[in-house]
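This report concerns only the one structure given below.
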Amino acid sequence: MYYLWAFLIGGLICMIGELLIIKTNITSARILVTFVLVGVALEAFGIFDPISEFARAGINVPIVGFGASLAKGAIGAVKARGLIGAFTGGLEATAAGIAAAVGFAFLFGLIFKARTKK
Amino acid sequence: MDDKKRNEAYNNYVKAKIPKTRPWPSLFNSFWIGGVICCLGQGINDLIMLAFPNMAEQTAWTYTLVALIFLASFLTGIGVYDRIGKFAGGGSIVPITGFSNSITSPALEFKNEGIIYGMCVKMFTIAGPVIVIGIIASILVGLVYLFI
Amino acid sequence: MAKNQTVKFKNKPVIIGSYSIVGPKEGEGNFGEFFDYVMKSDSFGEKTYEKAERKMIQHAVVGAIEKAKIKPSDVDLFLSGDLLNQIISSSYAARDFNFAYLGLFGACSTMAESLAVGASLVDGKLFDHVVCSTSSHFSTAERQFRFPLELGNQRPPTSQWTVTGAGACVLAPKGKGPRITMATFGRVVDYGINDVNDMGAAMAPAAMDTLLAHFRDSNTTPDDYDLIVTGDLGKLGSEILIDLMEDQGIKLGLNYNDCGQMYFTRKQATLSGGSGCGCSATVFNSFIMKKLRDGSYKRVLFAPTGALLSTTATQQGDTIPGICHAIVVEGVKEED
Numbered sequence: 092m093y094y095l096w097a098f099l100i101g102g103l104i105c106m107i108g109e110l111l112i113i114k115t116n117i118t119s120a121r122i123l124v125t126f127v128l129v130g131v132a133l134e135a136f137g138i139f140d141p142i143s144e145f146a147r148a149g150i151n152v153p154i155v156g157f158g159a160s161l162a163k164g165a166i167g168a169v170k171a172r173g174l175i176g177a178f179t180g181g182l183e184a185t186a187a188g189i190a191a192a193v194g195f196a197f198l199f200g201l202i203f204k205a206r207t208k209k
Numbered sequence: 105m106d107d108k109k110r111n112e113a114y115n116n117y118v119k120a121k122i123p124k125t126r127p128w129p130s131l132f133n134s135f136w137i138g139g140v141i142c143c144l145g146q147g148i149n150d151l152i153m154l155a156f157p158n159m160a161e162q163t164a165w166t167y168t169l170v171a172l173i174f175l176a177s178f179l180t181g182i183g184v185y186d187r188i189g190k191f192a193g194g195g196s197i198v199p200i201t202g203f204s205n206s207i208t209s210p211a212l213e214f215k216n217e218g219i220i221y222g223m224c225v226k227m228f229t230i231a232g233p234v235i236v237i238g239i240i241a242s243i244l245v246g247l248v249y250l251f252i
Numbered sequence: 023m024a025k026n027q028t029v030k031f032k033n034k035p036v037i038i039g040s041y042s043i044v045g046p047k048e049g050e051g052n053f054g055e056f057f058d059y060v061m062k063s064d065s066f067g068e069k070t071y072e073k074a075e076r077k078m079i080q081h082a083v084v085g086a087i088e089k090a091k092i093k094p095s096d097v098d099l100f101l102s103g104d105l106l107n108q109i110i111s112s113s114y115a116a117r118d119f120n121f122a123y124l125g126l127f128g129a130c131s132t133m134a135e136s137l138a139v140g141a142s143l144v145d146g147k148l149f150d151h152v153v154c155s156t157s158s159h160f161s162t163a164e165r166q167f168r169f170p171l172e173l174g175n176q177r178p179p180t181s182q183w184t185v186t187g188a189g190a191c192v193l194a195p196k197g198k199g200p201r202i203t204m205a206t207f208g209r210v211v212d213y214g215i216n217d218v219n220d221m222g223a224a225m226a227p228a229a230m231d232t233l234l235a236h237f238r239d240s241n242t243t244p245d246d247y248d249l250i251v252t253g254d255l256g257k258l259g260s261e262i263l264i265d266l267m268e269d270q271g272i273k274l275g276l277n278y279n280d281c282g283q284m285y286f287t288r289k290q291a292t293l294s295g296g297s298g299c300g301c302s303a304t305v306f307n308s309f310i311m312k313k314l315r316d317g318s319y320k321r322v323l324f325a326p327t328g329a330l331l332s333t334t335a336t337q338q339g340d341t342i343p344g345i346c347h348a349i350v351v352e353g354v355k356e357e358d
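Chains as they are written, first to last, in the numbering used here: chain A, 92 to 209; chain B, 105 to 252; chain C, 23 to 358.
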């Protein structure tokens, strides 16, 4: 059952992204930035977790989840360690994702070569 | 007619002239591919939880994202991801796989300019703003929570 | 009173040899059968696409010299340009030749620019054999102006496909072949378009400006030409040009077309059509030259347009200036 929710919510988020691309012609960098900010806002206002409860991957896999982790990390660290948490929390929570993206990009960058689009 | 008015009139004319594409097919494609990627993530997550029942939920999600990032990075390397993207648009940009693609694709592209000045420098040409804006937003949120 | 922008050549320089080379996708396009050489892979055996592009220029130049039946040592001057920063494809290609070299930049209008300059120099009897060339490559242009190749993004409906190809031709004061009779040098025109995915709309006003100047200076009308062809306005841009010309009281009829619009088949899904220096250069040096030689066309007005933008200027919010140069080529049957 939760697969259906994951599919529906995930699909909906992606469709909103596509709608933004069609309507405003914005580039993928701006799309990603927008959705990260949406994720940060959702987490900051405490709306993310209730959605995550039933949508699961539907909201954690889109980049919205990345934004939510940033905010969640910062909030948690601030509560635990005070001021310095605002600076350490966000990156700590997302370190695995960023490190993986950079690491694999480096690895596959060494192995493969860019090909002309068909 | 002065230049400014002429340009304005021309821009309006061009806007009206641009062919209107029907948005529904691409919206539909982005919907179902985005949904499938999310379900894939859910599947990986469930498998991890099944294999390691004692793992914390948060850790399992982190592994899931790493797996998706690996997959997207690999598909980018073998030249498949850009074809999915041409078809799916937002469906393959918005998931975390799109983030991975946006880091791997410049790494491949600028390899010819060398490891340091090509690959490493250009890796964040697209994803850089995502990380910068994300970090700044998280700092702000942290500061706000410090005072409430 | 408008200034004269058109040169009428007294000695009518002759295009004694022309050559075109394209990538595999272009070879499958509508002009496929006319090209002299279709590459099997667009890396052309080189390690990088930039190196492939300059090899294409060298290949085209050597091919044109051979077809002109002259020796490389007969060449007095080499005129060339391309899209890359500091026109490296042309300059680096020229490095391996023993020619005097003049680098030109007119973006996608470079073929007409080099022919107009070359014809002027030959007509003035300053040089005997001038080689004109230009090139573009999809993969080098894409990374310089747009996004990495493997990025999974979508192209908006107005975007065009940069042609991978190079064209070259040899001008001489006399000999067999089509003759250049007139050249109109264009002005830089900017109507305030800033969408980099809509080059056709940015360049169409420049095409209008040059065509109007040409018809005015030469006292001709569109009906005096068998073919009026622009470079890479694409589908949208050429429709805009027809509208703009109509507003000025000049009707472009069935003898008008655009290289970019014609270049690819519908199935190849290039949206608004082909673009790049190579687009007009390869069509001119293959299809148009052939039709002029066999007498199908007697008089062709070749007016490719160029968008003189740079990514820096665009990111600073500047609008896109366009330019268009036009030349008139008249066919003489081979046996004359």
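C-beta: ideal position from N, C-alpha, C; glycine also. Note that the structure is predicted; figures quoted are calculated from it, not measured.
Residue i, DSSP secondary structure in three states
| i | result |
| --- | --- |
| residue 166 of chain B | helix |
| residue 185 of chain C | coil |
| residue 175 of chain A | helix |
| residue 218 of chain C | coil |
| residue 233 of chain B | helix |
| residue 83 of chain C | helix |
| residue 63 of chain C | coil |
| residue 159 of chain B | coil |
| residue 104 of chain C | strand |
| residue 194 of chain B | helix |
| residue 112 of chain B | helix |
Partners in chain B for residue i, counting only beta-carbon separations shorter than 8 Å
| i | result |
| --- | --- |
| residue 261 of chain C | 121 |
| residue 193 of chain A | 207, 227 |
is_contact[residue i, chain B] using C-beta, thresh 8 Å
| i | result |
| --- | --- |
| residue 176 of chain C | yes |
| residue 159 of chain A | no |
| residue 138 of chain A | no |
| residue 145 of chain A | no |
| residue 183 of chain A | no |
| residue 223 of chain C | yes |
| residue 195 of chain C | no |
| residue 179 of chain C | yes |
| residue 131 of chain A | yes |
Beta-carbon contacts of residue i that lie in its chain and below 7 Å, excluding the five residues immediately before and after
| i | result |
| --- | --- |
| residue 358 of chain C | At residue 358 of chain C, the pLDDT of 46 sits below 50, so the modelled position is not reliable; the number obtained from the coordinates is stated separately. Nothing meets the Cβ criterion. |
| residue 145 of chain C | 31, 32, 33, 35 |
| residue 56 of chain C | 308, 309, 312 |
Exposure label - residue i; buried when at least 16 CB within 10 Å
| i | result |
| --- | --- |
| residue 128 of chain C | buried |
| residue 332 of chain C | exposed |
| residue 77 of chain C | buried |
| residue 251 of chain B | exposed |
| residue 268 of chain C | exposed |
| residue 106 of chain C | buried |
| residue 127 of chain A | buried |
Contacts around residue i, its chain only, beta-carbon distance under 8 Å, and the 5 residues preceding and following it disregarded
| i | result |
| --- | --- |
| residue 176 of chain C | none |
| residue 114 of chain C | 76 |
| residue 170 of chain A | 176 |
Interface flag, residue i vs chain C, CB-CB below 8 Å
| i | result |
| --- | --- |
| residue 207 of chain A | yes |
| residue 112 of chain A | yes |
| residue 189 of chain B | yes |
| residue 221 of chain B | no |
| residue 111 of chain B | yes |
| residue 253 of chain B | A question about residue 253 of chain B goes unanswered here, because the residues of chain B that appear run from 105 up to 252. |
7 Å Cβ cut-off: residues of chain B touching residue i
| i | result |
| --- | --- |
| residue 335 of chain C | Chain B residues near residue 335 of chain C: none, gap ~16 Å exceeds 7 Å. |
| residue 165 of chain C | 213 |
Residue-level contact to chain A via CB, residue i, 8 Å cutoff
| i | result |
| --- | --- |
| residue 246 of chain B | yes |
| residue 218 of chain B | no |
| residue 358 of chain C | With a pLDDT of 46 at residue 358 of chain C, under the threshold of 50, the modelled position of that residue is not reliable, and the figure given next carries that caveat. Residue 358 of chain C does not count as touching chain A. |
| residue 127 of chain B | yes |
Any C-beta of chain F under 8 Å from that of residue i
| i | result |
| --- | --- |
| residue 160 of chain C | No chain F appears in the structure shown, which is made up of the protein chains A, B and C. |
Partners in chain A for residue i, counting only beta-carbon separations shorter than 7 Å
| i | result |
| --- | --- |
| residue 172 of chain B | 152 |
Contacts of residue i in chain A (Cβ-Cβ under 8 Å)
| i | result |
| --- | --- |
| residue 219 of chain C | 116 |
| residue 172 of chain C | 205, 206 |
| residue 153 of chain B | Simply none; closest approach about 11 Å. |
| residue 184 of chain B | None at all; the shortest Cβ gap to chain A is about 10 Å. |
| residue 145 of chain C | In chain order: nothing, as chain A lies at least about 40 Å away. |
Under 8 Å from the C-beta of residue i: neighbouring residues of chain C
| i | result |
| --- | --- |
| residue 212 of chain B | 170, 171, 172 |
Listed by chain order, chain A residues near residue i by CB distance under 9 Å
| i | result |
| --- | --- |
| residue 64 of chain C | 207 |
Contact set between residue i and chain C, taken where Cβ atoms lie within less than 9 Å
| i | result |
| --- | --- |
| residue 48 of chain B | This structure does not reach residue 48 of chain B, given that chain B is present from 105 up to 252, and the question cannot be answered. |
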